[in-house]
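Protein chains in written order, with my numbering: chain L, 12 to 486; chain Z, 12 to 486. First comes the structure, then the notes that go with it.
2 protein chains.
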Amino acid sequence: MTKVMERSVVKQLKHIFEPKSVAVIGASGDLGKFGGRAFFLPLETGYRGRLYPVNPTRSEVFGVKTYPSVLDIPDDIELAIIAVPAPMVLNTMEECIKKGVKGVVMISAGFAEIGEEGKKLQDQVVKIAHDAGIRMVGPNSNGIYSSRVRLNLLYYRSPRLGSISFISQSGTLGGYLFEWANSKGYGFSKFVSSGNQASLNVSDYLEYLGQDPDTSVIVLYIESVQEGHRFVEIARSVVKKKPVIAFKGGRTAVGSRATLSHTASLAGSDEIFDAACRQAGVIRCYEVTHPFDLAEALAQQPLPKGKRVTIVGSGGQCVATADACASLGLELPEFDADTKRRLMELLPPHAPVPTNPVDTAAGGDPMTGPLIVDLLAQLDYIDGIITHGPMIGWGITPERITSLLTESEMVTSIPEKYGKPVVCTAAARRQGRGDVGYDLYRHARIPMYTTPEESARAMWGLMEYAEIRRKMDQS
Amino acid sequence: MTKVMERSVVKQLKHIFEPKSVAVIGASGDLGKFGGRAFFLPLETGYRGRLYPVNPTRSEVFGVKTYPSVLDIPDDIELAIIAVPAPMVLNTMEECIKKGVKGVVMISAGFAEIGEEGKKLQDQVVKIAHDAGIRMVGPNSNGIYSSRVRLNLLYYRSPRLGSISFISQSGTLGGYLFEWANSKGYGFSKFVSSGNQASLNVSDYLEYLGQDPDTSVIVLYIESVQEGHRFVEIARSVVKKKPVIAFKGGRTAVGSRATLSHTASLAGSDEIFDAACRQAGVIRCYEVTHPFDLAEALAQQPLPKGKRVTIVGSGGQCVATADACASLGLELPEFDADTKRRLMELLPPHAPVPTNPVDTAAGGDPMTGPLIVDLLAQLDYIDGIITHGPMIGWGITPERITSLLTESEMVTSIPEKYGKPVVCTAAARRQGRGDVGYDLYRHARIPMYTTPEESARAMWGLMEYAEIRRKMDQS
Numbered sequence: 012m013t014k015v016m017e018r019s020v021v022k023q024l025k026h027i028f029e030p031k032s033v034a035v036i037g038a039s040g041d042l043g044k045f046g047g048r049a050f051f052l053p054l055e056t057g058y059r060g061r062l063y064p065v066n067p068t069r070s071e072v073f074g075v076k077t078y079p080s081v082l083d084i085p086d087d088i089e090l091a092i093i094a095v096p097a098p099m100v101l102n103t104m105e106e107c108i109k110k111g112v113k114g115v116v117m118i119s120a121g122f123a124e125i126g127e128e129g130k131k132l133q134d135q136v137v138k139i140a141h142d143a144g145i146r147m148v149g150p151n152s153n154g155i156y157s158s159r160v161r162l163n164l165l166y167y168r169s170p171r172l173g174s175i176s177f178i179s180q181s182g183t184l185g186g187y188l189f190e191w192a193n194s195k196g197y198g199f200s201k202f203v204s205s206g207n208q209a210s211l212n213v214s215d216y217l218e219y220l221g222q223d224p225d226t227s228v229i230v231l232y233i234e235s236v237q238e239g240h241r242f243v244e245i246a247r248s249v250v251k252k253k254p255v256i257a258f259k260g261g262r263t264a265v266g267s268r269a270t271l272s273h274t275a276s277l278a279g280s281d282e283i284f285d286a287a288c289r290q291a292g293v294i295r296c297y298e299v300t301h302p303f304d305l306a307e308a309l310a311q312q313p314l315p316k317g318k319r320v321t322i323v324g325s326g327g328q329c330v331a332t333a334d335a336c337a338s339l340g341l342e343l344p345e346f347d348a349d350t351k352r353r354l355m356e357l358l359p360p361h362a363p364v365p366t367n368p369v370d371t372a373a374g375g376d377p378m379t380g381p382l383i384v385d386l387l388a389q390l391d392y393i394d395g396i397i398t399h400g401p402m403i404g405w406g407i408t409p410e411r412i413t414s415l416l417t418e419s420e421m422v423t424s425i426p427e428k429y430g431k432p433v434v435c436t437a438a439a440r441r442q443g444r445g446d447v448g449y450d451l452y453r454h455a456r457i458p459m460y461t462t463p464e465e466s467a468r469a470m471w472g473l474m475e476y477a478e479i480r481r482k483m484d485q486s
Numbered sequence: 012m013t014k015v016m017e018r019s020v021v022k023q024l025k026h027i028f029e030p031k032s033v034a035v036i037g038a039s040g041d042l043g044k045f046g047g048r049a050f051f052l053p054l055e056t057g058y059r060g061r062l063y064p065v066n067p068t069r070s071e072v073f074g075v076k077t078y079p080s081v082l083d084i085p086d087d088i089e090l091a092i093i094a095v096p097a098p099m100v101l102n103t104m105e106e107c108i109k110k111g112v113k114g115v116v117m118i119s120a121g122f123a124e125i126g127e128e129g130k131k132l133q134d135q136v137v138k139i140a141h142d143a144g145i146r147m148v149g150p151n152s153n154g155i156y157s158s159r160v161r162l163n164l165l166y167y168r169s170p171r172l173g174s175i176s177f178i179s180q181s182g183t184l185g186g187y188l189f190e191w192a193n194s195k196g197y198g199f200s201k202f203v204s205s206g207n208q209a210s211l212n213v214s215d216y217l218e219y220l221g222q223d224p225d226t227s228v229i230v231l232y233i234e235s236v237q238e239g240h241r242f243v244e245i246a247r248s249v250v251k252k253k254p255v256i257a258f259k260g261g262r263t264a265v266g267s268r269a270t271l272s273h274t275a276s277l278a279g280s281d282e283i284f285d286a287a288c289r290q291a292g293v294i295r296c297y298e299v300t301h302p303f304d305l306a307e308a309l310a311q312q313p314l315p316k317g318k319r320v321t322i323v324g325s326g327g328q329c330v331a332t333a334d335a336c337a338s339l340g341l342e343l344p345e346f347d348a349d350t351k352r353r354l355m356e357l358l359p360p361h362a363p364v365p366t367n368p369v370d371t372a373a374g375g376d377p378m379t380g381p382l383i384v385d386l387l388a389q390l391d392y393i394d395g396i397i398t399h400g401p402m403i404g405w406g407i408t409p410e411r412i413t414s415l416l417t418e419s420e421m422v423t424s425i426p427e428k429y430g431k432p433v434v435c436t437a438a439a440r441r442q443g444r445g446d447v448g449y450d451l452y453r454h455a456r457i458p459m460y461t462t463p464e465e466s467a468r469a470m471w472g473l474m475e476y477a478e479i480r481r482k483m484d485q486s
């Protein structure tokens with residue numbers, strides 16, 4: 012047992028995700044290089060600790076005085092971010108140990124991913140770290156993000172704050188998806204590009220994020236799982252507290268072949284991974300962006316009591332959403348006679364006889380939408396609601412809304428009032444149209460998706476996780 | 012046989028999609044109403060014919076003099092757009108016939124979709140039209156769009172020009188998808204919200220679009236098919252010339268229940284529809300937006316000779332794209348020894364041993380990407396290429412590119428040079444970053460998608476349609 016194993020992973024990862032001081036070793040002024048971004052981005056995002064650039068060949072980067080070595084910094088350094096060429100890593104690591112750093116993010120590449128020689132160097136680096144009792148992200152990591160201390164080492168310059176955390180075994184795709192999810196409006200707590208996972212692997216990050224109060228949902232991009240049993244054990248204990256959603260790269264033969272060259276790891280059997288997910292209660296997705304759509308709903312909405320859903324909107328959206336829900340195993344209960352009668356009173360005269368999904372028909376009073384949703388949310392056989400648009404007429408003024416409805420009558424109050432989740436399908440961009448309905452939804456954190464299938468999947472994610480939790484509580 | 016049946020559908024639909032003069036009956040100044048939009052939108056989009064508003068209660072709308080009746084217009088009227096309340100429709104229709112209009116778009120609702128009484132009224136309206144030998148879109152249509160004459164009756168105010176045509180049995184969802192596809196940058200030739208299909212149905216529109224020189228791909232949103240045999244016959248003859256891609260609403264029991272109330276039509280058996288698609292060579296999709304992603308590739312790229320694909324990009328993107336391709340039945344052939352050797356010369360030293368997909372690894376010479384793609388495009392066992400990003404370094408100047416590569420060496424020249432399709436996965440928005448690579452792709456009409464799965468599906472669509480055509484040519 013090396014010295015590192017005596018210390019708790021959680022405590023060690025706190026040094027990495029919540030450092031009070033950071034040295035960027037290999038900091039440069041070139042934003043085309045990791046060393047440039049790794050210093051510039053934390054500076055720009057407003058890292059809340061003390062940040063020092065280390066570079067023996069330059070006196071300053073981005074206007075900040077550099078130090079020739081980490082040993083020259085007149086301050087304690089909690090986290091070292093290393094972005095120097097591979098041949099310089101051993102020496103840099105030894106200096107970090109001498110300095111007493113508590114954690115390392117190793118951006119440098121040229122280790123196990125390039126073959127046997129690189130693997131040897133990687134083993135030496137890990138031994139130095141572990142002998143000194145510290146842990147390391149990477150090597151070959153694209154960096155980390157932590158909202159708590161505003162530490163951002165990624166391409167994306169202003170990550171949106173939120174409670175989704177994302178562990179990615181792929182650096183470039185991970186960063187790409189982080190940016191994609193940000194552009195959708197989803198907010199993040201932590202991100203880690205785990206690289207070659209020489210010192211810390213997915214299970215370690217899961218353990219840390221499981222207890223992290225800033226994280227409410229965890230997304231994984233995984234190519235292979237080290238220590239399978241430990242993964243299942245840790246994931247299962249995390250899932251009891253918060254949802255874990257995984258996409259696995261390398262599920263086909265050619266995809267698996269590609270992972271070998273990518274992260275120096277042959278993807279394990281897909282059946283084994285699938286069984287592990289089922290055992291641990293990890294929700295699995297099959298397109299790279301789907302976990303984030305699910306995560307947004309899980310981060311914002313209450314958990315439903317069952318899998319019974321109602322859909323309120325216009326005809327074709329109702330049809331496509333109903334198909335998608337049914338395909339995912341969700342139920343659309345038919346309404347009782349009394350509910351049908353009350354719906355007919357609310358719907359415009361030309362609307363079809365109400366059924367589930369409810370076609371609100373065009374041209375009705377724009378204010379009846381909220382009343383319909385409120386009526387349906389009260390039904391004890393409805394567990395969640397998907398609306399099409401914000402159920403408020405286009406371009407209506409806030410004054411007209413508040414003159415017609417109290418706050419508690421609006422759709423946005425449903426999740427809190429009834430403890431039932433609401434998600435919405437809405438066109439991506441309604442800006443500049445003065446649409447107060449969308450603003451209200453956004454403010455109330457009702458997740459908005461652009462297609463019926465995305466909304467259905469998000470509702471499925473909520474219902475699936477709720478079921479996983481119910482089963483776990485029973486066992 | 013009514014008089015209408017004697018005339019060719021194609022000729023009659025030309026009056027509707029390429030009219031020289033249009034009367035909007037029920038034109039109003041209220042953009043919240045169909046009658047307002049149906050006059051304002053063609054005005055704003057620059058309809059290339061003569062446009063007349065009809066409204067007996069107003070002297071002008073949007074600054075244009077109105078006529079009390081279509082009979083008062085001192086000009087021939089080729090197309091009448093009718094957006095008056097249902098009780099006024101019979102009289103309006105009779106006036107249109109008297110005026111000698113050649114086609115009608117019936118926006119008005121309150122017909123078969125509201126029950127037996129509405130159905131009777133609908134039958135009367137259709138009889139008047141057909142007895143006079145003319146055809147009608149709708150009733151209960153949300154309108155049409157025709158790029159040829161810039162006639163736009165939809166919500167979306169400035170449709171992007173292109174060669175995709177879209178027939179939608181759902182008005183609201185159809186308009187929504189039309190807007191969604193426009194926001195993705197896909198361009199349209201024609202759109203029709205077919206409404207209750209009392210006079211013209213999907214088969215009629217297909218027949219017209221099949222011979223329309225402005226249309227290169229046809230997308231269908233279908234809930235039910237009338238005249239199944241005719242649909243298969245027409246679709247099959249159209250597919251010999253251009254691809255037809257369909258999404259069907261109501262494929263599940265609850266979805267089917269929803270179609271009944273939506274378009275007054277019970278969705279047919281999903282198995283029968285599926286068999287019809289296979290017989291006709293119609294490509295079927297299972298999410299509402301997927302047909303448009305496929306259509307964009309089919310509209311812009313050459314047809315591949317087989318289903319063998321190569322992927323060039325960064326690690327995780329390669330893995331996820333390879334998985335998606337393999338899941339769709341595409342092949343990723345391994346490279347021959349000579350190609351591997353030549354790839355190793357092009358790739359940076361730290362890149363993994365080249366395989367298919369090709370992981371270009373970060374940090375290499377940004378100009379080697381195009382050379383790699385060109386090398387692979389020449390292989391006789393590769394039929395199509397998926398790249399990650401535009402294969403040109405970020406923020407590089409046009410001058411530097413042209414100093415290093417001739418135009419015919421760029422990835423954008425591959426489709427024309429080798430007759431092989433290229434599609435690309437790229438972050439949605441790179442604007443303001445001065446990224447000339449993306450600009451070149453956009454200019455060259457290389458389809459860009461935001462996820463590995465979208466790119467894989469687009470390539471699948473190209474390969475699937477090419478196979479359908481090969482089989483048709485053989486039979």
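For glycine and all other residues, C-beta sits at the position ideal for the given N, C-alpha and C.
Beta-carbon gap between residue i and residue j smaller than 7 Å
i	j	result
Z:His141	Z:Glu89	no
L:Ile397	L:Met470	yes
Z:Thr77	Z:Pro64	yes
Z:Gly57	Z:Arg161	yes
L:Ala291	L:Val330	no
L:Ala246	L:Val293	yes
For residue i, the three-state DSSP class (helix, strand or coil)
i	result
Z:Ala287	helix
Z:Ile27	helix
Z:Asp349	helix
Z:Lys109	helix
Z:Thr398	strand
Own chain partners of residue i with C-beta closer than 6 Å, once the 5 adjacent residues on each side are dropped
i	result
L:Cys336	Val320, Ala467
L:Gly182	Asn153, Ser204
Z:Met147	Val115, Met117, Ala140, Ser210
Same chain, Cβ closer than 8 Å to residue i, five either side skipped, listed in chain order
i	result
Z:Ser248	Gly221
Z:Gly314	A quick correction: the sequence has Leu, not Gly, at residue 314 of chain Z. Same-chain partners within the cutoff: Pro432, Leu473, Tyr476, Ala477, Arg480.
L:Asp215	Val20, Leu24, Arg146
Integer-rounded CB distance, given that residue j should sit under 8 Å from residue i
i	j	result
L:Ala49	L:Leu164	5 Å
L:Ile175	L:Leu231	Their Cβ separation, rounded to whole angstroms, is 12 Å, which puts L:Ile175 and L:Leu231 out of contact at 8 Å.
Z:Pro150	Z:Gly198	With 8 Å as the limit, Z:Pro150 and Z:Gly198 do not qualify as a contact, their Cβ atoms being about 29 Å apart.
L:Ala143	L:Ile108	4 Å
L:Glu105	L:Val81	Going by Cβ atoms, the distance from L:Glu105 to L:Val81 rounds to 10 Å, so no, they are not a contact pair.
Backbone CA spacing between residue i and residue j [nearest angstrom]
i	j	result
Z:Asp484	L:Glu282	41 Å
L:Leu354	L:Pro365	7 Å
Z:Ser70	L:Pro363	36 Å
Z:Pro381	Z:Thr436	15 Å
Z:Ser19	Z:Glu218	10 Å
L:Phe6	L:Tyr156	Absent from the structure is residue 6 of chain L, since the part of chain L shown begins at 12 and ends at 486.
L:Val422	L:Asp385	7 Å
L:Ala348	L:Asp334	24 Å
Z:Gly173	Z:Leu188	15 Å
Contacts around residue i, its chain only, beta-carbon distance under 7 Å, and the 5 residues preceding and following it disregarded
i	result
L:Phe51	Leu42, Phe73
Z:Arg456	Gln311
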